[in-house]
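**Q** Numbering (our numbering), first residue to last: 26 to 327.
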Amino acid sequence: MIARRQGPLLAALAGLVALLSLPTVTAAAWTDDAWFTSSAGAGTWDGGGGGDGGGGGIDGGDDVDLDIAWTVTSPTSTCANVDITTDGTDVDWELTVDVTQRPWDNGLPSEVEVDNGGQIVSGPDENPVIIHGNADGSGTFNSTSNNTPLSVGQTATVVICGFNNAGPEPQPDDGTWYTTDWSPIEVSGSDAVCSTLTVQGLVDGAEDPFYYGWETDLRVEDFVEALDDADATIFYVSSDPWPSSGFDFTFEQDPDDPYLVHIKSGSAMALQGNAATPPGQQTLEVCVHGSVPERYAFTLTP
Numbered sequence: 026m027i028a029r030r031q032g033p034l035l036a037a038l039a040g041l042v043a044l045l046s047l048p049t050v051t052a053a054a055w056t057d058d059a060w061f062t063s064s065a066g067a068g069t070w071d072g073g074g075g076g077d078g079g080g081g082g083i084d085g086g087d088d089v090d091l092d093i094a095w096t097v098t099s100p101t102s103t104c105a106n107v108d109i110t111t112d113g114t115d116v117d118w119e120l121t122v123d124v125t126q127r128p129w130d131n132g133l134p135s136e137v138e139v140d141n142g143g144q145i146v147s148g149p150d151e152n153p154v155i156i157h158g159n160a161d162g163s164g165t166f167n168s169t170s171n172n173t174p175l176s177v178g179q180t181a182t183v184v185i186c187g188f189n190n191a192g193p194e195p196q197p198d199d200g201t202w203y204t205t206d207w208s209p210i211e212v213s214g215s216d217a218v219c220s221t222l223t224v225q226g227l228v229d230g231a232e233d234p235f236y237y238g239w240e241t242d243l244r245v246e247d248f249v250e251a252l253d254d255a256d257a258t259i260f261y262v263s264s265d266p267w268p269s270s271g272f273d274f275t276f277e278q279d280p281d282d283p284y285l286v287h288i289k290s291g292s293a294m295a296l297q298g299n300a301a302t303p304p305g306q307q308t309l310e311v312c313v314h315g316s317v318p319e320r321y322a323f324t325l326t327p
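#1: Does DSSP put Ala-251 in a helix, a strand or coil?
#2: Find the nearest neighbour of Ala-231 within the set Ile-83, Gly-82, Trp-95, judged by alpha-carbon distance.
#3: Per DSSP, which residues does Leu-175 bridge with? Please list them.
#4: State buried or exposed for Ser-215, treating a residue as buried only when at least 16 other CB atoms are found within 10 Å of its CB.
#5: Could you give the first and the last residue of the continuous beta strand (DSSP E) run that contains Arg-386?
#6: Identify which residue in Asp-282, Asn-189, Ile-259, Phe-276 has its Cα closest to the Cα of Cys-104.
#7: Taking buried to mean at least 16 other C-beta atoms within 10 Å of its own C-beta, is Asn-152 buried or exposed?
#8: Assign Ser-170 to one of three DSSP states: helix, strand, or coil.
#9: Just the C-alpha distance for Met-294 and Gln-126, rounded to the nearest angstrom, thanks.
#10: Gln-297 lies in the beta strand (DSSP E); which residues open and close that run?
#11: Return helix, strand or coil for Pro-134, following the three-state DSSP convention.
#12: Who are the near neighbours of Pro-195 in its chain, counting only those whose CB is closer than 7 Å to its CB and skipping five residues on each side?
#13: Can you give the beta carbon distance from Thr-204 to Leu-227, rounded, assuming they're within the 8 Å contact cut?
#14: How about Asn-171 and Thr-180: do their beta carbons lie closer than 8 Å?
#15: Who does Asn-385 pair with in a DSSP beta bridge?
#16: Under the assumption that His-314 contacts Tyr-236 (Cβ atoms under 8 Å), give the Cβ distance between them as a whole number of angstroms.
#17: Spatial neighbours of Val-124 within its chain, please: C-beta separation below 6 Å, excluding the five flanking residues on both sides.
#18: Looking only at C-alpha atoms, which of Thr-182, Asp-88, Asp-273 sits nearest to Gln-144?
#19: Which of the three DSSP states, helix, strand or coil, is assigned to Gly-230?
#20: Find out if the Cβ-Cβ distance for the pair His-157, Thr-173 is shorter than 8 Å.
#21: For Val-89, does the count of other Cβ atoms within 10 angstroms reach 16, so buried, or fall short, so exposed?
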């Protein structure tokens, strides 16, 4: 039965993609203007993310050892407290930060800053970001203000932060980062069919403290067919939460399959750790709404 409603549905799906590109959209606006619209292994580091070596794209080279304590306050805000030691003598150490790595997530090199203990010597658009220690000429070693050159028994400390990092990019749905599960569709009220997506993180937060994104596919045939069986006119798609112009998530219609929608997390729905509550677990309800004639009792056919 889907075929006889395919024309209006395909037109409305095209409207979905256009509306989602708008910076702000209200429910009233998009339900009135379209038939079918919608809100529509792990990490790369040396020695772990939480301390025991390098991590998060931070590298000190072969002459020093790094111990990093991470403070992750949001998907786009992270600080690394880096302790630097050496077995050598008078080592002019240098740190590099590769912004293609998590938690910088391919953000701008200019968003990386040094809050204490060093200075950035590379250009604002240069990756990796290069950091040198402080040398005040006093002759007295200090872990932050006069911390280079460095010798055995001394510890230099540098605080590296990014408060406007790029949002966590979706990691592959390969069963190592997270699992995705759509609940069976069910009737909601008298005019909608809904399903809830549960995304469960699998990454141990003690080993990997950073946020990570997810992605999955949604096929809408079952939603549409349930409404079609009740001779309904399809109006629109809603979601909880709202996509918030991609801040929560985005929908992307497959150009070759109008009933296939690709969903990617935004910053607000990124995962961290593996708890059974946010941000270790995220949920998203999607509903397809229509107008069901009064002569039908709207139930799902087993």
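Note that beta-carbon positions come from the ideal geometry of N, C-alpha and C, so glycine has one too.
Every value quoted in this text rests on a predicted model; they were computed, and no experiment measured them.
**A** To lay it out plainly:
#1: helix
#2: Trp-95
#3: Val-116
#4: exposed
#5: For residue 386 there is no data in the structure shown, the boundaries of the chain being 26 and 327.
#6: Asn-189
#7: buried
#8: coil
#9: 20 Å
#10: Run containing Gln-297: none; DSSP gives neither H nor E here.
#11: helix
#12: Gly-238, Trp-239, Glu-240, Lys-289, Ser-290
#13: 7 Å
#14: no
#15: Any question about residue 385 goes unanswered here, given that the chain covers just 26 to 327.
#16: Actually they are not in contact, since the Cβ atoms of His-314 and Tyr-236 sit about 32 Å apart, beyond 8 Å.
#17: Gly-132, Pro-134, Asn-152
#18: Thr-182
#19: coil
#20: yes
#21: buried
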